[in-house]
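Engineer: Have a look at this one before I ask anything.
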Amino acid sequence: MHENSTLYFEFADRNGKKHPKFFCKPKKVIQTYRIDEVRGCMEQIQKEVSCGYYAAGYVSYEAAPAFEPSFKVHENPKMPLLWFGIFDEPIIIPAPNKKADYSVSDWIPSIEGEAYQKGISEIKTAIENGHTYQVNYTTRLHANFTGDDFSFFQKLSSSQDSDYCAYLNLGDYRILSASPELFFRWDGNKIITKPMKGTVRRGRTTKEDNENAAWLFQSEKNRAENVMIVDLLRNDLGNIAVPGTVQVDELFTIEQYPTVLQMTSTISAMTEAGIELVDIFSALFPCGSITGAPKISTMRIISEIEDSPREVYCGAIGFISPIGETIFNVPIRTVVINNQTNQAVYGVGGGVTWDSTTKDEYAEIQTKASILSKEQPTFKLLESIKLENGNYFLLDRHIKRLQNSAAYFHYSLHINELTEALQQFAKRNPYQLLKVRVLVAKDGSFEITSEPITSLNKPLQVKLGESPVDKNDLFLYHKTTNRRVYQFHKESQPKVFDVLLWNQYGELTEFTNGNIVLEIKGEYYTPPVQVGLLPGTFREELIEMGKLKERILTVKDIKEATNIYFINSVREWQKIRFV
């Protein structure tokens with residue numbers, strides 16, 4: 001039954017580099033549904049590893065009482081409490097880039113509205129009565145799934161861009177984990193944990209990201225939650241550590257993911273001689289970041305207010321090697337598919353403290369669940385730079401914008417190589433007027449092409465877009481090859497020079513290829529970035545020079561304008577008229 005089980009891990013090493021590992025055709029499977037067998041299974045796993053084999057699999061959240069009988073959990077979960085395959089060496093190859101079809105229905109929460117608010121109220125009562133300081137309150141989302149689950153996993157891992165992704169095909173169940181959270185890493189001597197506690201949504205620009213990160217770093221609620229878990233894990237590690245070696249290596253680090261910013265801390269220790277896998281799980285499991293503090297009383301509260309078992313979600317997924325590498329994630333951002341019923345389950349939640357509000361906690365759930373629907377299109381970063389007589393116009397601004405977008409999307413950018421290539425290109429074209437196009441791929445590879453800048457037929461005629469753009473579309477704020485919104489509006493009115501866009505609030509934004517400037521009573525105005533537009537390099541230059549002011553503009557302002565201009569760094573100022 002299990003001979004065709006396949007497990008794939010894409011875990012980052014200590015330097016952040018991912019090493020894909022495939023485990024195929026286990027020599028045997030060690031699993032159990034019984035609490036009283038969990039520790040024995042772990043001891044059996046340790047023996048197999050001592051004989052030179054690898055072990056890979058998961059431990060369910062509901063296995064916790066095996067390590068501490070006082071831990072209260074839901075009983076009789078449908079999945080095994082523990083499942084590990086015993087393997088020869090893994091295959092070290094990248095995963096195939098599958099494009100097979102799959103279908104997922106709408107995700108339905110198991111609790112919402114009044115039921116969710118009731119849970120928050122019960123937690124606050126427990127806090128008031130001194131039973132807990134913080135509770136990680138979670139719920140489940142359910143959907144129907146058909147098709148290729150590995151393609152779905154690749155979509156999830158691509159959308160999340162996490163360091164601890166794993167795909168487990170166990171026959172009856174498929175586990176798709178795009179977790180960003182390390183439970184622990186152990187080399188036989190040093191153990192490292194890296195709990196996550198504290199979340200805020202991503203901004204649309206690097207500036208908004210920095211503002212949100214600053215808010216998260218300074219948030220008393222999030223810092224308090226994080227410190228509670230750090231203290232809990234320091235105490236847990238103390239049970240297996242050489243005295244005096246437990247230390248906090250990093251506190252309140254803000255990490256960036258496609259949909260959220262997360263606050264993490266790193267705690268490490270040297271383990272005592274003779275420590276084995278079962279000892280580590282006895283000391284640490286389940287991870288404090290997904291329970292709350294203190295553990296025993298808080299897990300009792302969780303078992304009373306949550307309406308279903310967590311199972312793999314909030315347990316641990318990982319592998320143990322015979323060469324001293326043991327690493328497990330905390331399975332958040334994880335989908336479990338029942339292969340018999342085609343039912344998919346996704347667990348999601350957050351830490352609730354006395355200062356929490358139902359609105360904020362539910363918003364955090366929605367942010368964390370956005371991985372399920374958020375499609376991350378394939379695209380390259382783009383810059384169009386004017387080259388005239390061997391000199392680039394506003395090159396520093398173009399490079400800065402490119403760096404901001406590369407940081408935002410986690411793209412590699414070999415800036416020295418790129419600038420050197422641009423200078424060499426300029427030397428080869430010393431007397432021409434060109435639009436130089438720079439494309440940068442996710443891996444940092446780039447290409448440079450050019451085309452002549454030709455004169456335009458005057459007068460330049462434009463029209464207003466027929467429908468609004470969404471100011472929350474982050475691709476309006478970054479120059480990339482993902483120009484679907486711009487192409488749609490340009491193709492809908494192909495006979496004009498350009499189309500002026502506007503957002504869902506009736507605010508003017510930009511043209512499809514440049515920014516708009518209105519001259520009103522001798523002043524020059526352009527819309528602010530936050531209405532949904534690309535911060536053009538020429539626009540930024542004019543603002544810093546004091547020649548251009550930001551202001552919310554509407555169609556009414558067009559009628560009051562003395563002159564209307566299309567601007568960008570290639571064409572600079574171009575007077576236009578509406579038709």
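Numbering (the UniProt record's numbering), first residue to last: 1 to 579. Note that beta-carbon positions come from the ideal geometry of N, C-alpha and C, so glycine has one too. No experiment lies behind these values; they were computed from the predicted model shown.
Per DSSP, what kind of secondary structure is Arg-201 in: helix, strand or coil?
Structural biologist: The count along the sequence shown starts at 1 and reaches residue 201 at position 201. Note: Arg-201 maps to strand in three-state DSSP.
Engineer: Could you check the C-alpha separation between Pro-452 and Ser-177 for me, to the nearest Å?
Structural biologist: Position 452 of the sequence shown, counted from the start, is the residue given in the question as residue 452. Position 177 of the sequence shown, counted from the start, is the residue given in the question as residue 177. If I take the Cα positions, the gap works out to 49 angstroms.
Engineer: Measure the beta-carbon distance from Pro-527 to Ile-552 and round it to whole angstroms, keeping in mind my assumption that it falls under 8 angstroms.
Structural biologist: Along the sequence shown, one-based indexing puts residue 527 at 527. Along the sequence shown, one-based indexing puts residue 552 at 552. That pair is a contact at about 7 angstroms.
Engineer: Exposed or buried, which one is Ala-100 when buried takes at least 16 other CB atoms within 10 Å?
Structural biologist: For this step, residue 100 is matched to residue 100 along the sequence shown. That one is exposed.
Engineer: Taking 6 angstroms as the limit between beta carbons, can you name the residues of its chain near Thr-193, skipping five residues before and five after?
Structural biologist: The count along the sequence shown starts at 1 and reaches residue 193 at position 193. Taken in chain order, the residues that qualify are Phe-184, Leu-233, Ile-267.
Engineer: Who are the Cβ neighbours of Phe-379 in its own chain at under 7 angstroms, not counting the five residues just before and after it?
Structural biologist: To locate residue 379, count along the sequence shown from 1; it is residue 379. Thr-480, Thr-481, Asn-482, listed in sequence order.
Engineer: Checking the sheet assignment: what are the DSSP bridge partners for Tyr-20?
Structural biologist: Position 20 of the sequence shown, counting from 1, holds the residue named residue 20. Note on residue identity: the sequence assigns Pro, not Tyr, to residue 20. Pro-20 is bridged to Glu-10.
Engineer: How about Glu-383 and Leu-402: do their beta carbons lie closer than 8 angstroms?
Structural biologist: Here the question's residue 383 lines up with position 383 in the sequence shown. Here the question's residue 402 lines up with position 402 in the sequence shown. Contact flag set, yes.
Engineer: Hey, out of Asn-222, Val-49, Lys-463, Arg-571, whose CA is closest to Gly-514's CA?
Structural biologist: In the sequence shown, the residue the question calls residue 514 occupies position 514. Answer by Cα proximity: Arg-571.
Engineer: Considering only the beta carbon of each residue, do Val-335 and Tyr-346 sit closer than 8 angstroms?
Structural biologist: The count along the sequence shown starts at 1 and reaches residue 335 at position 335. The count along the sequence shown starts at 1 and reaches residue 346 at position 346. Against a cut-off of 8 angstroms, the Cβ pair of Tyr-346 and Val-335 comes out as a contact.
Engineer: Any contact between the region 217-228 and the region 194-209? By contact I mean 3 or more CB pairs, one from each, below 8 angstroms.
Structural biologist: Touching, yes.
Engineer: Which runs of the alpha helix (DSSP H), 4 residues or longer, sit entirely within the region 433-498?
Structural biologist: Within the region 433-498, the complete alpha helix (DSSP H) runs of at least 4 residues are 484-492.
Engineer: Fully enclosed by the region 175-252, which alpha helix (DSSP H) runs are 4 residues long or longer?
Structural biologist: Entirely contained in the region 175-252, the alpha helix (DSSP H) runs reaching 4 residues are, in chain order, 206-218, 220-237.
Engineer: Please classify Met-299 as buried or exposed, where buried requires at least 16 other C-beta atoms within 10 Å of its C-beta.
Structural biologist: Numbered from 1 along the sequence shown, position 299 holds the residue referred to as residue 299. Classification of Met-299: buried, given that the 10 Å Cβ count is 16 or more.
Engineer: Can the beta-carbon of Leu-237 be found closer than 8 angstroms to that of Ile-275?
Structural biologist: Position 237 of the sequence shown, counting from 1, holds the residue named residue 237. Position 275 of the sequence shown, counting from 1, holds the residue named residue 275. Cβ atoms of Leu-237 and Ile-275: not closer than 8 angstroms.
Engineer: Find the nearest neighbour of Arg-397 within the set Gly-40, Ser-179, Ser-569, His-19, judged by alpha-carbon distance.
Structural biologist: Counting from one through the sequence shown, the residue named residue 397 turns up at place 397. Comparing Cα-Cα distances from Arg-397 to each of Gly-40, Ser-179, Ser-569, His-19, the minimum goes to Ser-569.
Engineer: Can you look up Tyr-408 in the DSSP assignment and give me helix, strand or coil?
Structural biologist: Counting from one through the sequence shown, the residue named residue 408 turns up at place 408. Tyr-408 falls in the helix class under three-state DSSP.
Engineer: Is the beta carbon of Ile-320 less than 8 angstroms from the beta carbon of Thr-326?
Structural biologist: The count along the sequence shown starts at 1 and reaches residue 320 at position 320. The count along the sequence shown starts at 1 and reaches residue 326 at position 326. In this structure, Thr-326 lies closer than 8 angstroms to Ile-320 by Cβ.
Engineer: Run the CB neighbour count on Arg-577, radius 10 Å, all protein chains shown included, and call it buried at 16 or more, exposed below.
Structural biologist: Here residue 577 corresponds to residue number 577 of the sequence shown, with the count starting at 1. It is exposed - the Cβ of Arg-577 has fewer than 16 other Cβ atoms within 10 Å.
Engineer: Can you tell me the Cα-Cα spacing of Lys-400 and Cys-51, whole angstroms?
Structural biologist: Taking the sequence shown and counting its residues from 1, one reaches residue 400 at position 400. Taking the sequence shown and counting its residues from 1, one reaches residue 51 at position 51. So the two alpha carbons sit approximately 54 angstroms from each other.
Engineer: Count the other CB atoms, across all protein chains shown, that sit within 10 Å of the CB of residue 600; report buried if there are 16 or more and exposed otherwise.
Structural biologist: Residue 600 lies beyond the residue range present for the chain, which begins at 1 and ends at 579; the question has no answer from this structure.
Engineer: Quick check: the Cα distance between Ile-543 and Gln-154, rounded to an integer number of angstroms?
Structural biologist: The residue labelled residue 543 in the question sits at position 543 within the sequence shown. The residue labelled residue 154 in the question sits at position 154 within the sequence shown. Taking the straight line joining both Cα atoms gives about 43 angstroms.
Engineer: Pick helix, strand or coil for Gly-52, following the three-state DSSP scheme.
Structural biologist: Working through the sequence shown from its first residue, we reach residue 52 at position 52. Coil, per DSSP.
Engineer: Mapping the DSSP letters down to three states, classify Ser-268 as helix, strand or coil.
Structural biologist: For the purposes of this step, residue 268 is taken as residue 268 along the sequence shown, with counting starting at 1. Here Ser-268 sits in strand by DSSP.
Engineer: Can you give the beta carbon distance from Lys-21 to Pro-90, rounded, assuming they're within the 8 angstroms contact cut?
Structural biologist: What you label residue 21 is simply residue 21 of the sequence shown in a count that begins at 1. What you label residue 90 is simply residue 90 of the sequence shown in a count that begins at 1. The pair is a contact, with the Cβ atoms about 4 angstroms apart (cut-off 8 angstroms).
Engineer: Nearest-angstrom Cα distance between Lys-442 and Leu-381?
Structural biologist: In the sequence shown, residue 442 corresponds to position 442, counting from 1. In the sequence shown, residue 381 corresponds to position 381, counting from 1. Cα-Cα distance, rounded: 8 angstroms.
Engineer: By DSSP, does Met-79 sit in helix, in strand, or in coil?
Structural biologist: Looking up residue 79 in the sequence shown gives position 79. Met-79: coil per DSSP, three-state reduction.
Engineer: On the criterion of 16 or more Cβ atoms from any shown chain inside 10 Å, does Tyr-431 qualify as buried, or is it exposed?
Structural biologist: Sequence index remark: in the sequence shown, residue 431 carries index 431 (1-based). Counting Cβ neighbours within 10 Å, Tyr-431 comes out exposed, since fewer than 16 surround it.
Engineer: For the ligand COA, I want to know if Thr-266 counts as a neighbour, meaning its beta carbon is within less than 7 angstroms of at least one of the ligand's heavy atoms.
Structural biologist: Judged by which ligands are present, the structure shown has none, so any question about the ligand COA falls away.
Engineer: In the DSSP assignment, find the alpha helix (DSSP H) that holds Ala-66 and state where it starts and stops.
Structural biologist: Counting from one through the sequence shown, the residue named residue 66 turns up at place 66. Note, Ala-66: premise wrong, no alpha helix (DSSP H); not H, not E.
Engineer: Since Ile-240 contacts Thr-264 with CB under 8 angstroms, what's their CB separation in whole angstroms?
Structural biologist: Counting from one through the sequence shown, the residue named residue 240 turns up at place 240. Counting from one through the sequence shown, the residue named residue 264 turns up at place 264. Incorrect: roughly 22 angstroms between the Cβ atoms, too far for contact.
Engineer: Buried or exposed: which applies to Gln-340, given that a residue is buried once 16 or more other Cβ atoms fall within 10 Å of its Cβ?
Structural biologist: As a first step, residue 340 must be located in the sequence shown, where it is residue number 340. Its Cβ having fewer than 16 others within 10 Å, Gln-340 is exposed.
Engineer: Please check the pair Arg-310 and Glu-62, which I expect to be a contact at CB under 8 angstroms, by giving their CB distance rounded to whole angstroms.
Structural biologist: Working through the sequence shown from its first residue, we reach residue 310 at position 310. Working through the sequence shown from its first residue, we reach residue 62 at position 62. The Cβ separation is near 7 angstroms, so the contact holds.
Engineer: Taking contact to mean at least 3 C-beta pairs separated by less than 8 angstroms, is the region 251-260 in contact with the region 160-180?
Structural biologist: They touch, by the three-pair rule.
Engineer: Considering just the uninterrupted stretch of the alpha helix (DSSP H) at Gly-113, what are its terminal residues?
Structural biologist: As a working mapping, residue 113 is identified with position 113 in the sequence shown. Element bounds for Gly-113: 113-128.
Engineer: Compute the Euclidean distance between the alpha carbons of Asp-473 and Glu-540, then round it to the nearest angstrom.
Structural biologist: Taking the first residue of the sequence shown as 1, we reach residue 473 at position 473. Taking the first residue of the sequence shown as 1, we reach residue 540 at position 540. Straight-line Cα distance between these residues: approximately 21 angstroms.
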